[in-house]
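Enquirer:
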């Protein structure tokens, strides 16, 4: 099993640019989660999907952030426009049901200059 | 506010020392409890989990944790640490009827001196 796949692993961009992070969950998992990790705030859940439907997006910081899950094997997290305070590691995780163990991807380290 | 609290921000131990990392949560009702480990530069990996049954759970790499409901605690233990245990450890709580929303503690960085 390839595990959760995220791309890119590292992204460096300039303030104001659009950033798109990608995630492929483990095959057969029907729940997908986006987290952000920073030194100041630790690990925060941004949004999660069940069966491609967003269930809870209360953690999304502001309208600049959006997430989609067009099918069971792909999700994107978009930041437009990006700001330096968005610099963080963004993790994607998946699970078989919303109540079970979550498996994390390797993360995308985002740096906004 | 409801939260997950890890008592120690940074723990430094020598090899073969015993380890106990504290975790307390403030949710009532049914909870599922997890410990994850993040080795330097890597992603989070599951160490162990508690859903129900025996409150003493054993995980990978010799780790164990004890759920004490009356104390709202889920402390992580290992009798003898190794240099390779150097990592950051996260406690997390999944509220039983809240779907997939894992709430993480702030993490404890463990440094093991050879």
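Residue numbers (our numbering), protein chains in the order written: chain A, 122 to 234; chain B, 1382 to 1495.
The C-beta atom is built at its ideal place from N, Cα and C for all residues, glycine as well.
#1: Note down, in chain order, each residue of its chain lying with its Cβ closer than 6 angstroms to the Cβ of residue 1384 (chain B), except the 5 sequence neighbours on either side.
#2: Here's the rule I'm using: 16 or more other beta-carbon atoms within 10 Å means buried, otherwise exposed. How should residue 207 (chain A) be labelled?
#3: Is residue 1487 (chain B) close to chain A, meaning its C-beta is less than 8 angstroms from at least one C-beta of that chain?
#4: Under 8 angstroms between the Cβ atoms of residue 173 (chain A) and residue 192 (chain A)?
#5: Taking Cβ positions, are residue 1429 (chain B) and residue 1416 (chain B) nearer each other than 8 angstroms?
#6: Per DSSP, which one or two residues make a beta bridge with residue 1459 (chain B)?
#7: With 8 angstroms set as the bound, which would you pick, yes or no: does the beta-carbon of residue 1391 (chain B) sit closer than that to a beta-carbon of chain A?
#8: Let me see if you follow: with CB-CB separation under 8 angstroms, is residue 195 (chain A) close to chain B or not?
#9: Cβ closer than 9 angstroms: which chain B residues qualify as neighbours of residue 182 (chain A)?
#10: Measuring alpha carbon to alpha carbon, tell me which residue in A:131, A:166, A:189 and A:160 is nearest residue 175 (chain A).
#11: Below 8 angstroms between beta carbons: does that hold for residue 1470 (chain B) and residue 1448 (chain B)?
#12: Are residue 187 (chain A) and residue 145 (chain A) close, meaning C-beta to C-beta below 8 angstroms?
#13: Just confirm the distance between the C-beta atoms of residue 1396 (chain B) and residue 1493 (chain B), as a whole number of angstroms; I'd bet it's less than 8 angstroms.
#14: Going by DSSP, what residues sit across from residue 143 (chain A) in a beta bridge?
#15: Where do the ends of the beta strand (DSSP E) carrying residue 177 (chain A) lie?
Expert: Once the coordinates are examined:
#1: Within the second chain, residue 1384 (chain B) is the residue found at index 3, counting from 1. Here the set comprises 1407.
#2: In the first chain, the residue the question calls residue 207 (chain A) occupies position 86. The Cβ neighbour count for residue 207 (chain A), taken over all protein chains shown within 10 Å, is at least 16; the residue is labelled buried.
#3: In the second chain, residue 1487 (chain B) corresponds to position 106, counting from 1. Answer yes: the Cβ-Cβ gap between residue 1487 (chain B) and chain A drops below 8 angstroms somewhere.
#4: Taking the first chain and counting its residues from 1, one reaches residue 173 (chain A) at position 52. Taking the first chain and counting its residues from 1, one reaches residue 192 (chain A) at position 71. Here residue 173 (chain A) is near residue 192 (chain A), since their CB atoms are less than 8 angstroms apart.
#5: Residue numbering aside, residue 1429 (chain B) sits at position 48 when the second chain is read from its first letter. Residue numbering aside, residue 1416 (chain B) sits at position 35 when the second chain is read from its first letter. Contact flag set, yes.
#6: If you number the second chain from 1, residue 1459 (chain B) lands on position 78. Partner(s): B:1400.
#7: As a working mapping, residue 1391 (chain B) is identified with position 10 in the second chain. So no, residue 1391 (chain B) is outside the interface.
#8: Here residue 195 (chain A) is taken as the residue at index 74 of the first chain, counted from 1. No, because no Cβ of chain B sits closer than 8 angstroms to the Cβ of residue 195 (chain A).
#9: For the purposes of this step, residue 182 (chain A) is identified with residue 61 of the first chain, where counting begins at 1. Neighbourhood of residue 182 (chain A) in chain B, by CB distance below 9 angstroms: empty, with the nearest CB roughly 16 angstroms away.
#10: As a position in the first chain, residue 175 (chain A) is number 54, starting the count at 1. Ranking A:131, A:166, A:189 and A:160 by Cα distance to residue 175 (chain A) puts A:189 first.
#11: As a first step, residue 1470 (chain B) is located in the second chain; it is residue number 89 there, counting from the start. As a first step, residue 1448 (chain B) is located in the second chain; it is residue number 67 there, counting from the start. With a cutoff of 8 angstroms on beta-carbon distance, residue 1470 (chain B) and residue 1448 (chain B) are scored as not near each other.
#12: Here residue 187 (chain A) is taken as the residue at index 66 of the first chain, counted from 1. Here residue 145 (chain A) is taken as the residue at index 24 of the first chain, counted from 1. Not in contact: residue 187 (chain A) and residue 145 (chain A) (Cβ atoms no closer than 8 angstroms).
#13: Stepping through the second chain from its first residue, residue 1396 (chain B) is reached at position 15. Stepping through the second chain from its first residue, residue 1493 (chain B) is reached at position 112. Yes, residue 1396 (chain B) and residue 1493 (chain B) are in contact; Cβ-Cβ is about 6 angstroms, under 8 angstroms.
#14: Here residue 143 (chain A) refers to the residue found at position 22 of the first chain. Residue 143 (chain A) is bridged to A:128 and A:197.
#15: Taking the first residue of the first chain as 1, we reach residue 177 (chain A) at position 56. Run containing residue 177 (chain A): 174-177, per the beta strand (DSSP E) assignment.
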